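S.K.: After the structure tokens below, expect a handful of questions from me.
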Amino acid sequence: MTDSRTYGDEIAVVTVTYSPGETLDGFLDTLATATDRRVRVILADNGSTDGVPERAAAERDDVHFVPTGGNLGYGGGANRGVAELSEEYGWIVICNPDLEWRPGSLDELLAAAKRWPRGGCFGPLIREPDGSVYPSARLVPSLVRGAGHAVLGKVWPSNPWSRAYRQSETTITERTAGWLSGSCMFLRREAFDSTGGFDPRYFMYFEDVDLGERLGNAGWLNVYVPSAEIMHIGGHSTGKASARMLTEHHRSAYRYLADRHRGFVWAPLRVLIRAALAVRARLEIRSAGRR
């Protein structure tokens, strides 16, 4: 471990905002039911223009508006929010503002952290607005599994590499995972520090995959806690995603795989992966434009 500081037992929630609209009120209202403990909320704002984060901070106790100074992306914004916290905060939730908490869900995550002393990151069960369960606890993508999912996941969703990677057929139970969805992560701050936080090179997407793998490499566990439950209002579908989001998704996928396969010997494979992802990105952007 690279950081020996001792933190307190207080909880802080860091959510990255970018003109969140009406979803932020639902997020904050339901957060009040998620735990009996007092929670400090940091709105790490990447340049909102709707005035909603500023209003929320002005009207609510323990909610603080922290401008990041620009659009730093999800990981960069989260890092900026965490840096705002004093050492009394030993537990950090990093999450999207477009989710709603089920009653007691944050207390469930804290209880799980006590059961897993080597747990560095804990993830709740995530439901879509239609009630379906999103596969948020996944394996670290190996070269074959990651490339297979990245290239074929959209055109052949039931391919064996995507099924294995997503762990969508695994029984819903408390267990360890390779990584957990960044839409809601409950982190031991000591563990977050040991990795240096999110890699800011990932503007959007794969920052959670990268962090989960680095936590594992540092000796921490990623633990799925389905007894804690949230609903992700925004959902994970790219059906309404912008061309920018789709482009960033594929760029991040390439960065993740390329970072782990450096050097001359892997150069032909990197070229192949980049080309395949570029084709997939163009197809998805074209498909999204027709909707």
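Going by this note's numbering, the sequence shown runs without a break in its numbering and finishes at 1147.
For every residue, glycine included, the Cβ atom is placed at its ideal position computed from N, Cα and C.
All figures in this text were calculated on a predicted structure; none of them were measured in a lab.
#1: Could you check whether Ile982 and Glu940 sit closer than 8 Å to each other, using their CB atoms as the reference points?
#2: Fully enclosed by the stretch 922-974, which alpha helix (DSSP H) runs are 4 residues long or longer?
#3: Do Phe921 and Asp901 have their C-beta atoms within less than 8 Å of each other?
#4: Quick one: any contact between the stretch 940-951 and the stretch 1070-1080, if contact means 3 or more CB pairs under 8 Å?
#5: If you run the structure through DSSP and keep just helix, strand and coil, what is His920?
#6: Can you name, in chain order, every residue of its own chain whose Cβ lies under 6 Å from the Cβ of Arg896, other than the five neighbours on each side?
#7: Under 8 Å, do Val908 and Gly882 count as touching if we go by C-beta distance?
#8: In this structure, does DSSP put Thr1149 in helix, strand or coil?
#9: Using DSSP with H/G/I as helix, E/B as strand and the rest coil, what is Ser1083?
#10: Given this structure, state the Cα-to-Cα distance separating Tyr863 from Pro973, to the nearest angstrom.
#11: Considering Thr1103, what are the terminal residues of the alpha helix (DSSP H) in which it resides?
#12: Measure from the alpha carbon of Ser1108 to the alpha carbon of each residue in Pro1124, Ala968, Gly1090 and Leu1133, then state which is nearest.
#13: Can you tell me the Cα-Cα spacing of Thr1103 and Ala1131, whole angstroms?
#14: Determine the extent of the alpha helix (DSSP H) in which Asn995 is found, giving its start and end residues.
#15: Given a cut-off of 8 Å, decide if Gly960 and Ala969 are closer than it, judged by their beta-carbon atoms.
#16: Quick check on DSSP: helix, strand or coil for Lys1096?
#17: Buried or exposed: Glu1063, going by 16 or more other Cβ atoms within 10 Å of its Cβ?
#18: For Gly1106 versus Arg1142, is the C-beta distance shorter than 8 Å?
#19: Going along the chain, which residues of its own chain have a beta-carbon closer than 8 Å to the beta-carbon of Leu1043, five neighbours each way excluded?
#20: Please classify Arg1045 as buried or exposed, where buried requires at least 16 neighbouring CB atoms within 10 angstroms.
#21: Which word fits Ala914, buried or exposed, when buried means at least 16 other C-beta atoms lie within 10 angstroms of its C-beta?
#22: Where Tyr1041 and Ile1086 are concerned, what is the direct C-alpha to C-alpha distance, given to the nearest angstrom?
#23: Compare the beta carbon distance of Ser904 and Tyr874 with 8 Å and say whether it is the shorter of the two.
#24: Quick check on this structure: which residue in His1088, Val1121 and Asp1115 has the alpha carbon closest to the alpha carbon of Pro980?
#25: Below 8 Å on the Cβ atoms is my guess for Leu966 versus Ser1039; work out the distance and round it to an integer in Å.
#26: What separation, rounded to the nearest whole angstrom, lies between the Cα atoms of Tyr1061 and Gly937?
#27: List the whole-angstrom C-beta distance separating Ala890 from Leu962, where the pair is believed to meet the contact cut-off of C-beta under 8 Å.
#28: Taking the alpha-carbon of Glu1069 as reference, which of Ser1050, Phe1059, Ala1084 and Pro1082 has the nearest alpha-carbon?
M.R.: On the basis of the data shown:
#1: Locating residue 940 in the sequence shown gives position 84, counting from the first residue. Locating residue 982 in the sequence shown gives position 126, counting from the first residue. No. Outside cutoff.
#2: Those alpha helix (DSSP H) runs which fall completely within the stretch 922-974 and span 4+ residues are 929-939 and 961-971.
#3: The sequence position of residue 921 within the sequence shown is 65, counting from 1. The sequence position of residue 901 within the sequence shown is 45, counting from 1. Cβ distance < 8 Å, so Phe921 and Asp901 count as in contact.
#4: Pairwise C-beta distances place the stretch 940-951 out of contact with the stretch 1070-1080, as fewer than three of them are shorter than 8 Å.
#5: Counting from 1 along the sequence shown, the entry for residue 920 is found at position 64. His920 falls in the strand class under three-state DSSP.
#6: For the purposes of this step, residue 896 is taken as residue 40 along the sequence shown, with counting starting at 1. Only residues of its own chain outside the window of five on either side were considered, and among them Ala868 and Asp918 have a CB closer than 6 Å to the CB of Arg896, listed in chain order.
#7: As a first step, residue 908 is located in the sequence shown; it is residue number 52 there, counting from the start. As a first step, residue 882 is located in the sequence shown; it is residue number 26 there, counting from the start. At the C-beta level, Val908 and Gly882 stay beyond 8 Å of one another.
#8: With the chain represented from 857 up to 1147, any question about residue 1149 goes unanswered, as that position is not in the structure.
#9: Position 227 of the sequence shown, counted from the start, is the residue given in the question as residue 1083. Ser1083: strand per DSSP, three-state reduction.
#10: Residue 863 sits at position 7 when you count from the first residue of the sequence shown. Residue 973 sits at position 117 when you count from the first residue of the sequence shown. Looking at the two C-alpha atoms, the distance is approximately 15 Å.
#11: What you label residue 1103 is simply residue 247 of the sequence shown in a count that begins at 1. Bounds of the alpha helix (DSSP H) holding Thr1103 are Ala1099 to Asp1115.
#12: Here residue 1108 refers to the residue found at position 252 when the sequence shown is read from its first residue. Comparing Cα positions, the closest option is Leu1133.
#13: Position 247 of the sequence shown holds residue 1103. Position 275 of the sequence shown holds residue 1131. Cα-Cα distance, rounded: 13 Å.
#14: Translated into positions along the sequence shown, residue 995 becomes position 139. Residue 995 is actually Leu in this sequence, not Asn. Segment: none, Leu995 is in no alpha helix (DSSP H) and carries neither H nor E.
#15: As a first step, residue 969 is located in the sequence shown; it is residue number 113 there, counting from the start. As a first step, residue 960 is located in the sequence shown; it is residue number 104 there, counting from the start. One thing to note: Ala969 has its Cβ no nearer than 8 Å to the Cβ of Gly960.
#16: Reading the sequence shown from its first residue, position 240 is the one you call residue 1096. Any reading at Lys1096 must be qualified, since the residue scores a pLDDT of 43, below 50, and its modelled position is unreliable; the value itself is stated next. DSSP, reduced to helix, strand and coil, places Lys1096 outside both helices and strands of the structure shown, so it counts as coil.
#17: Position 207 of the sequence shown holds residue 1063. With a 10 Å radius around the Cβ and a threshold of 16 neighbouring Cβ atoms, Glu1063 comes out buried.
#18: Here residue 1106 corresponds to residue number 250 of the sequence shown, with the count starting at 1. Here residue 1142 corresponds to residue number 286 of the sequence shown, with the count starting at 1. The identity of residue 1106 in the sequence shown is His, whereas the question assumes Gly. Not in contact: His1106 and Arg1142 (Cβ atoms no closer than 8 Å).
#19: Position 187 of the sequence shown, counted from the first residue, corresponds to residue 1043. Correct list, in chain order: Trp947, Ile948, Val949, Ile950, Gly976, Cys977 and Phe978.
#20: Along the sequence shown, one-based indexing puts residue 1045 at 189. Classification for Arg1045: buried.
#21: Working through the sequence shown from its first residue, we reach residue 914 at position 58. Exposed, because fewer than 16 other Cβ atoms sit within 10 Å of the Cβ of Ala914.
#22: For the purposes of this step, residue 1041 is taken as residue 185 along the sequence shown, with counting starting at 1. For the purposes of this step, residue 1086 is taken as residue 230 along the sequence shown, with counting starting at 1. Reading off the sequence, residue 1041 comes out as Met, not Tyr. For Met1041 and Ile1086, the gap between their C-alpha atoms comes out near 11 Å.
#23: Sequence index remark: in the sequence shown, residue 904 carries index 48 (1-based). Sequence index remark: in the sequence shown, residue 874 carries index 18 (1-based). Taking 8 Å as the cut-off, the Cβ atoms of Ser904 and Tyr874 count as close.
#24: One-based indexing of the sequence shown puts residue 980 at position 124. If we check each option's Cα against that of Pro980, His1088 comes out closest.
#25: Along the sequence shown, read from residue 1 onward, the residue named residue 966 stands at position 110. Along the sequence shown, read from residue 1 onward, the residue named residue 1039 stands at position 183. Contact flag wrong, Cβ pair sits at about 19 Å.
#26: Within the sequence shown, residue 1061 is the residue found at index 205, counting from 1. Within the sequence shown, residue 937 is the residue found at index 81, counting from 1. If I take the Cα positions, the gap works out to 18 Å.
#27: What you label residue 890 is simply residue 34 of the sequence shown in a count that begins at 1. What you label residue 962 is simply residue 106 of the sequence shown in a count that begins at 1. Yes, Ala890 and Leu962 are in contact; Cβ-Cβ is about 4 Å, under 8 Å.
#28: What you label residue 1069 is simply residue 213 of the sequence shown in a count that begins at 1. Minimum Cα distance to Glu1069 is reached at Ser1050.
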